[in-house]
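If you're matching positions, the sequence shown starts at 39 in the working numbering and goes up one per residue. Quick reminder that beta carbons are idealized off the backbone N, C-alpha and C, glycines included. Note sheet for the following structure.
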Amino acid sequence: MRTIALILGILSIFGMLLGFIPCLGAFNWINIPFALIGLVVSIVAHGKEDGTSKSNAMAGIIMCSIAMVLGFARLIVGGGIF
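As C-alpha coordinates, then:
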(Lines of atoms letter the chains of each structure in order from A and count residues from 1; the text may use other names and numbers.)
(Lines give C-alpha, C1' and ligand atoms only; values in the text may rest on other atoms or scores of the structure.)
Protein backbone atom coordinates (compact mmCIF):
# COMPACT_ATOMS: atom_id res chain seq x y z
CA MET A 1 0.00 0.00 0.00
CA ARG A 2 2.92 2.33 0.66
CA THR A 3 4.25 1.72 -2.84
CA ILE A 4 0.85 2.58 -4.29
CA ALA A 5 0.89 5.80 -2.25
CA LEU A 6 4.29 6.69 -3.70
CA ILE A 7 3.15 5.94 -7.25
CA LEU A 8 0.02 8.08 -6.83
CA GLY A 9 2.18 10.90 -5.49
CA ILE A 10 4.52 10.73 -8.47
CA LEU A 11 1.60 10.65 -10.92
CA SER A 12 -0.06 13.62 -9.24
CA ILE A 13 3.16 15.65 -9.50
CA PHE A 14 3.41 14.81 -13.21
CA GLY A 15 -0.24 15.78 -13.65
CA MET A 16 0.39 19.08 -11.89
CA LEU A 17 3.37 19.78 -14.14
CA LEU A 18 1.22 18.99 -17.17
CA GLY A 19 -1.33 21.50 -15.87
CA PHE A 20 1.35 24.21 -15.79
CA ILE A 21 1.72 24.07 -19.58
CA PRO A 22 -0.11 27.02 -21.14
CA CYS A 23 -3.62 26.15 -22.38
CA LEU A 24 -3.62 22.90 -20.35
CA GLY A 25 -4.42 24.48 -17.00
CA ALA A 26 -7.89 22.92 -16.95
CA PHE A 27 -6.18 19.54 -16.53
CA ASN A 28 -5.84 20.48 -12.85
CA TRP A 29 -9.60 19.95 -12.49
CA ILE A 30 -8.83 16.25 -13.01
CA ASN A 31 -5.52 16.21 -11.17
CA ILE A 32 -6.69 17.77 -7.89
CA PRO A 33 -9.27 15.03 -7.12
CA PHE A 34 -6.68 12.42 -8.19
CA ALA A 35 -4.17 13.95 -5.78
CA LEU A 36 -6.83 13.97 -3.04
CA ILE A 37 -7.37 10.24 -3.54
CA GLY A 38 -3.61 9.74 -3.42
CA LEU A 39 -3.43 11.78 -0.22
CA VAL A 40 -6.10 9.63 1.45
CA VAL A 41 -4.35 6.43 0.38
CA SER A 42 -1.03 7.80 1.63
CA ILE A 43 -2.46 8.74 5.01
CA VAL A 44 -4.04 5.30 5.40
CA ALA A 45 -0.78 3.63 4.40
CA HIS A 46 1.17 5.79 6.84
CA GLY A 47 -1.24 5.00 9.65
CA LYS A 48 -0.81 1.24 9.47
CA GLU A 49 1.21 0.01 12.43
CA ASP A 50 4.10 -2.31 11.67
CA GLY A 51 7.85 -2.20 11.99
CA THR A 52 8.74 -1.26 8.41
CA SER A 53 9.77 2.14 7.13
CA LYS A 54 7.00 4.60 6.29
CA SER A 55 9.06 6.77 3.96
CA ASN A 56 7.11 5.82 0.81
CA ALA A 57 3.82 6.82 2.44
CA MET A 58 5.31 10.08 3.73
CA ALA A 59 6.66 10.89 0.27
CA GLY A 60 3.19 10.23 -1.15
CA ILE A 61 1.63 12.57 1.41
CA ILE A 62 4.11 15.32 0.59
CA MET A 63 3.85 14.97 -3.19
CA CYS A 64 0.05 14.81 -3.25
CA SER A 65 -0.19 17.83 -0.95
CA ILE A 66 2.17 19.83 -3.15
CA ALA A 67 0.26 18.82 -6.29
CA MET A 68 -3.04 19.88 -4.74
CA VAL A 69 -1.82 23.25 -3.44
CA LEU A 70 0.11 24.25 -6.56
CA GLY A 71 -2.60 22.92 -8.89
CA PHE A 72 -5.23 24.93 -7.02
CA ALA A 73 -3.01 28.02 -7.17
CA ARG A 74 -2.60 27.49 -10.92
CA LEU A 75 -6.37 27.29 -11.33
CA ILE A 76 -6.80 30.55 -9.45
CA VAL A 77 -4.16 32.35 -11.52
CA GLY A 78 -5.52 30.96 -14.79
CA GLY A 79 -9.14 31.72 -13.99
CA GLY A 80 -10.01 28.03 -13.85
CA ILE A 81 -9.38 27.38 -17.52
CA PHE A 82 -5.99 28.52 -18.74
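How would you write the range of the alpha helix (DSSP H) that residue i sits in, first residue to last?
i, result
"PRO71", "66-85"
"SER103", "93-115"
"MET54", "40-57"
Could you check the C-alpha separation between residue i and residue j for me, to the nearest Å?
i, j, result
"PHE65", "GLY85", "30 Å"
"GLY80", "ILE100", "In the sequence as displayed, the identity of residue 80 is Ser instead of Gly. Using only the alpha carbons, I get a separation of about 9 Å."
"SER93", "ILE59", "30 Å"
"LEU44", "CYS61", "28 Å"
"MET54", "ALA95", "19 Å"
"ALA83", "ILE119", "33 Å"
"ILE42", "GLY63", "26 Å"
Are residue i and residue j touching if we call contact CB-CB under 8 Å?
i, j, result
"GLY47", "GLY98", "yes"
Could you tell me whether the segment 72-82 touches the segment 110-120, where touching means 3 or more Cβ pairs closer than 8 Å? Counting Cβ pairs under 8 Å, fewer than three are found: no touch.
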